[in-house]
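**Student:** Residues in the sequence shown are numbered consecutively from 71, following our numbering. Just so you know, even glycine gets a beta-carbon here, dropped at the ideal spot from N, CA and C.
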Amino acid sequence: MEPKKKKLNIKKLLVFILILYLIGSFLFTLITYPIKNIYVLNNINLTDQEIIDISGLRNYPSIIFTTKASIINKLKKNPLISSVNVEKTIKGKITITVKENRPLFYDSIKKRSILSNMKEVEKEYNVPILTNSMPKEIYEKLIESMYLIDEDVLLKLSEIEYSINEKDTERFLIKTTDKIRIYVNILKFDDLNYYNELLPTLNNKTGTWYLDYGNYFVSD
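#1: Distance check for TYR264 and ASN258, CA to CA, integer angstroms please.
#2: Residues in its own chain within less than 6 Å of ASN155 by CB, not counting five upstream and five downstream?
#3: How about LYS144 and GLY162: do their beta carbons lie closer than 9 Å?
#4: Looking at the secondary structure, which residues open and close the alpha helix (DSSP H) in which ASP220 lies?
#5: Cα-Cα, which of VAL254, ILE105, TYR283 and PRO149 is closest to LYS138?
#6: Roughly how many angstroms separate the alpha carbons of SER152 and GLU120, rounded to a whole number?
#7: Figure out for me which residue from ILE234, GLU229, LEU224 and LEU218 has the closest Cα to the Cα of PRO205.
#8: If you run the structure through DSSP and keep just helix, strand and coil, what is VAL85?
#9: What is the C-beta distance between ASN171 and LYS189, in whole angstroms, given that I count them as a contact (C-beta under 8 Å)?
#10: Just to confirm my understanding: we take TYR217, look at its own chain, exclude 5 residues before and 5 after, and list those with CB closer than 8 Å. What are they?
#11: Who are the near neighbours of ASN202 in its chain, counting only those whose CB is closer than 7 Å to its CB and skipping five residues on each side?
#12: Determine whether the Cβ of GLU267 lies closer than 9 Å to any Cβ atom of chain B.
#13: Verify whether the separation of the beta carbon atoms of LEU111 and ASN148 is less than 9 Å.
#14: Can you check which of these residues, LEU83, LYS211, LYS81 and ASP282, is closest to LYS237 by C-alpha distance?
#15: Using 10 angstroms around the beta-carbon of GLU240, count the other beta-carbons present and answer buried if the total reaches 16, otherwise exposed.
#16: Check for me: the beta strand (DSSP E) holding LEU111 runs from which residue to which?
#17: Taking all protein chains shown into account, decide if ILE80 is buried (16 or more other Cβ within 10 angstroms of its Cβ) or exposed.
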């Protein structure tokens, strides 16, 4: 007696193929689902687009294959970036929050901008210009001291000159956009933050503010 041949169940086969197709389509869609929205927060000197480009997100790649770590690692290679936080959702939204290293001054000898982390970049920013050289240890102290200056005051400083005398090897002459000259040493750099309080008392006079020894103003 011949064994019975099993009939191919076309209906079950079609259902199986359909299930495989649906699973495959879902996985393909999930894997290739692109980033839909990118938000950049807290940036000042780098534009949103620059941060997106540095992150490798210009073409809005797959949200699945774009990891937080890869974005952070790429951004932290940029000297302007101090720290990065990245949040992403399965719906395709990425939020990048950065903390930047501040440009503090432009070194006219090196022809580079000096950042708060002591690194250098070629791009020029709206910061004061350092006009001369000094010993390395003084230079490093200058960077640390400039970081103490508030942003709204820093924007009003135009030139920095290393200007020592017989008593003080850490003395500087700073010129402002208001045509005020300021003599200050490393220990008193944070007193420059009172500059905006001084201005209204001058009644548009120009002159020199001596912060190196004491605290007094001499009109021209």
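**Tutor:** So, from the listed chains and residues:
#1: Position 188 of the sequence shown holds residue 258. Position 194 of the sequence shown holds residue 264. Per the sequence shown, the amino acid found at residue 258 is Lys instead of Asn. Those two C-alpha atoms are separated by around 11 Å.
#2: Counting from one through the sequence shown, the residue named residue 155 turns up at place 85. For ASN155, where only same-chain residues beyond five positions count, the Cβ hits under 6 Å are THR167.
#3: By 1-based counting over the sequence shown, the position of residue 144 is 74. By 1-based counting over the sequence shown, the position of residue 162 is 92. Result no, Cβ atoms of LYS144 and GLY162 do not sit closer than 9 Å.
#4: Here residue 220 refers to the residue found at position 150 when the sequence shown is read from its first residue. No alpha helix (DSSP H) contains ASP220, which DSSP labels as neither H nor E.
#5: Along the sequence shown, one-based indexing puts residue 138 at 68. Considering only alpha carbons, the answer is ILE105.
#6: Counting from one through the sequence shown, the residue named residue 152 turns up at place 82. Counting from one through the sequence shown, the residue named residue 120 turns up at place 50. For SER152 and GLU120, the distance between alpha carbons rounds to 15 Å.
#7: Translated into the one-based positions of the sequence shown, residue 205 becomes position 135. Nearest of ILE234, GLU229, LEU224 and LEU218 to PRO205, Cα basis: ILE234.
#8: Against the sequence shown, residue 85 aligns to sequence position 15. In this structure, VAL85 counts as helix in the three-state DSSP scheme.
#9: In the sequence shown, counting from the first residue as 1, residue 171 sits at position 101. In the sequence shown, counting from the first residue as 1, residue 189 sits at position 119. The beta-carbon distance between ASN171 and LYS189, rounded to whole angstroms, is 7 Å. This is short enough to meet the 8 Å contact definition.
#10: Taking the sequence shown and counting its residues from 1, the one referred to as residue 217 is at position 147. Closer than 8 Å at the Cβ level, and outside the excluded window around TYR217, lie ARG172, LEU174 and SER186.
#11: Within the sequence shown, residue 202 is the residue found at index 132, counting from 1. Excluding sequence neighbours, ASN202 sits near GLU231 and TYR232.
#12: Checking the listed chains, one finds no chain B in this structure; it contains a single protein chain.
#13: For the purposes of this step, residue 111 is taken as residue 41 along the sequence shown, with counting starting at 1. For the purposes of this step, residue 148 is taken as residue 78 along the sequence shown, with counting starting at 1. Cβ distance not < 9 Å, so LEU111 and ASN148 don't count as in contact.
#14: Position 167 of the sequence shown, counted from the start, is the residue given in the question as residue 237. If we check each option's Cα against that of LYS237, ASP282 comes out closest.
#15: Position 170 of the sequence shown, counting from 1, holds the residue named residue 240. The residue is buried, with at least 16 neighbouring Cβ atoms inside 10 Å.
#16: Here residue 111 refers to the residue found at position 41 of the sequence shown. Looking at the DSSP string, the run of the beta strand (DSSP E) that includes LEU111 is 107-111.
#17: Walking along the sequence shown from the start, residue 80 turns up at place 10. Per the 10 Å Cβ criterion, exposed.
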